[in-house]
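Numbering (the numbering used here), first residue to last: 78 to 732.
C-beta: ideal position from N, C-alpha, C; glycine also.
Just so it is clear, the structure is predicted and the values come from calculations on it, not from any experiment.
Some notes on the structure that comes next.
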């Protein structure tokens, strides 16, 4: 029990209070001394920063031109109405008045304001190409539209519309993921535009230019007091492409017409009236085999880059993404397809280099190749029996004739020899068949200066094992068998190539063995037209082709179009082959549950190649029926040939 004597005296209590007060004042004076003496330079800098606002003015992007100087992408000045997200959130009446003025719904403006593609820190563009009366009204009645402004902005325009959209690409606001520290150091700000796809993305640093910088002095309320310094924006450089816009238009139009005609054609290959081909999509590549320069990359369906100018709505972008035809995909470099018999070029080179065949090697084509003990025939497909696609029997064929008539059995045999020799004695190694395709560039990106290029696949024992480990339910065994090599030899099974890879492989053969990196850009120039960067042809490697091999295979490829039993003879009827010989190879790639993919790879003139032209058309039937006629029509225009008869897309049933 405490007593009154135990309580602290008033004198003690006052002493404790005095100590506490002294400590508090000491801490306060120490903090003031730190702020005013020790931290004085930093405080001054912060105060200075608080009185300065930096405004960036985007620079006009450089133009994109074709090889002849035709402007493919330029700039135009557009009046753009923007709004602050903060104002939109706090003053909804402003958005209602603006919707009425722009003749749109309030809901549509709100949807744009909340679109995640726009930076949260920058004004949101709501309308571009705004007419003069609207601009004048907004400026006269600015008080009624706080947070709303009209800015003259340089926007991309496309003189040729949708032509070459897959090559050119589009720009859009930089995303949080794209705004890396390196880009911030390079001057990128939230809300800036950046190349998203195509040349716009690949040559972003050349096209972008330097933004203008204005330093404004402001008071504590943010009111502008004056301009401290200003540097104008510097426009980006122009990029000149290897593309010829006239060849590009030709390739796109011919491909579109060919697909449309194929969709009106019935498949009569199995007898009877047949059903119409689906022919949903395709691609065409035109390039110069002597230096690897690309003249045209046509993909169908495609998109309109104008939809992306000023920012595309999420709804519109989703419509592109949800479209089953995938119009945003560039099938020339992203589409991976079984090449069918066009792959026989690579198989022949593998066989010749390894000594499995010679140009004079003769194989008895009975219409099939038997692998295993089962008895085969040309009528029934049984396990271990690999029939010619069209069930024809060619008898004794050498390399030249095997190419001309597209003897599957001849090339099946090459695949079987390779694997059987390896299985029994390790001869040729596990990738003997695959060496030729890889030398021609299959199975890896070509290196073209365009984003998102696919690698394709040259399958082998190692890839099968990897697939089994990743997808054990789809691949019940990780083993590679003779039949796998046999299928690979004619471009079936798991073989996957892009149309550009196929064109580059035929370019390599056509020019005598140089595998080029496909060239899409020629040079970069400044505003005065001075060349600031020059791009030269780059050879990736060289494929050894002995003259006898080259001569035999070339004669076979020429026979495809010129010989009466050549698979593309009908498609080139009436073409002046004596003056302009065309070397080519048809391909018909079987796709489970769908119509075959139609392929034709070619070069001309065969004796002095100027062009390589490859066409690939999805679910369009035999290579001779759809792809070959499309290529023929492109050659008619390239060489100014007037057709002597109508070129018909139909069902010849030839590979």
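Rounded C-alpha distance that separates residue i from residue j
i, j, result
"residue 428", "residue 502", "17 angstroms"
"residue 518", "residue 512", "10 angstroms"
"residue 344", "residue 386", "42 angstroms"
"residue 320", "residue 477", "34 angstroms"
"residue 495", "residue 509", "6 angstroms"
"residue 663", "residue 417", "8 angstroms"
"residue 450", "residue 497", "15 angstroms"
"residue 124", "residue 235", "Below a pLDDT of 50, predicted positions are generally treated as unreliable, and residue 124, at 49, falls in that range; no measurement from the model is reported."
"residue 168", "residue 200", "15 angstroms"
"residue 532", "residue 524", "10 angstroms"
"residue 170", "residue 207", "21 angstroms"
"residue 173", "residue 221", "11 angstroms"
"residue 468", "residue 564", "16 angstroms"
"residue 191", "residue 281", "27 angstroms"
"residue 426", "residue 355", "34 angstroms"
"residue 483", "residue 336", "24 angstroms"
"residue 395", "residue 186", "18 angstroms"
"residue 94", "residue 86", "13 angstroms"
"residue 437", "residue 620", "21 angstroms"
"residue 779", "residue 569", "Nothing can be reported for residue 779: it is not among the residues displayed for the chain, which extend from 78 to 732."
"residue 380", "residue 490", "44 angstroms"
"residue 612", "residue 680", "25 angstroms"
"residue 618", "residue 271", "34 angstroms"
"residue 339", "residue 357", "10 angstroms"
"residue 719", "residue 259", "55 angstroms"
"residue 400", "residue 714", "33 angstroms"
Residue from the options whose Cα sits closest to the Cα of residue i
i, options, result
"residue 383", "374, 393 and 228", "393"
"residue 716", "688, 698 and 724", "688"
"residue 559", "500, 594, 573 and 539", "500"
"residue 294", "704, 381 and 307", "307"
"residue 360", "381, 390 and 329", "329"
"residue 227", "240, 213 and 239", "213"
"residue 601", "252, 408, 173 and 284", "284"
"residue 129", "555, 633 and 305", "305"
"residue 581", "691, 263 and 544", "691"
"residue 642", "626, 480 and 653", "480"
"residue 230", "265, 486 and 138", "138"
Residue i (DSSP reduced to helix, strand or coil)
i, result
"residue 619", "strand"
"residue 664", "strand"
"residue 95", "helix"
"residue 141", "strand"
"residue 377", "strand"
"residue 681", "strand"
"residue 671", "coil"
"residue 584", "helix"
"residue 515", "helix"
"residue 533", "coil"
"residue 626", "helix"
"residue 611", "strand"
"residue 462", "strand"
"residue 54", "Given that the chain is displayed from residue 78 to residue 732, the structure contains no residue 54 and the question cannot be resolved."
"residue 86", "coil"
"residue 405", "coil"
"residue 424", "helix"
"residue 238", "coil"
"residue 250", "strand"
Limits of the beta strand (DSSP E) - the one that residue i falls within
i, result
"residue 202", "201-204"
"residue 256", "From DSSP, residue 256 is part of no beta strand (DSSP E); its letter is neither H nor E."
"residue 495", "Here residue 495 belongs to no beta strand (DSSP E); instead the alpha helix (DSSP H) covers 485-502."
"residue 271", "270-272"
"residue 156", "148-160"
"residue 688", "688-694"
"residue 361", "359-364"
8 angstroms Cβ cutoff, residue i in contact with chain D
i, result
"residue 329", "Of the chains in the structure shown, none is chain D; there is only one protein chain."
For residue i, the first and last residue of its enclosing alpha helix (DSSP H)
i, result
"residue 323", "322-339"
"residue 440", "From DSSP, residue 440 is part of no alpha helix (DSSP H) but of the beta strand (DSSP E) over 440-442."
"residue 234", "Note, residue 234: premise wrong, no alpha helix (DSSP H); beta strand (DSSP E) at 225-234."
"residue 294", "Taken as a continuous stretch (DSSP letters only), residue 294 belongs to no alpha helix (DSSP H), being part of the beta strand (DSSP E) at 289-295."
"residue 600", "Segment 598-602 is the beta strand (DSSP E) holding residue 600; no alpha helix (DSSP H) there."
"residue 245", "242-245"
"residue 565", "559-566"
- Message: With a threshold of 8 angstroms, are at least 3 pairs of Cβ atoms found where one atom belongs to the stretch 360-374 and the other to the stretch 580-594?
- Response: Enough Cβ pairs lie closer than 8 angstroms, so yes.
- Validate contact between the stretch 148-167 and the stretch 229-248 using beta carbons, cut 8 angstroms, 3 pairs: In the pairwise beta carbon analysis, the stretch 148-167 is classified as touching the stretch 229-248: at least three pairs are separated by under 8 angstroms.
- Task: State whether the stretch 127-146 contacts the stretch 208-225, with contact taken as three or more CB pairs (one from each stretch) at a distance under 8 angstroms.
- Result: no
- Item | Three or more C-beta pairs below 8 angstroms linking the stretch 697-708 and the stretch 663-673 | yes
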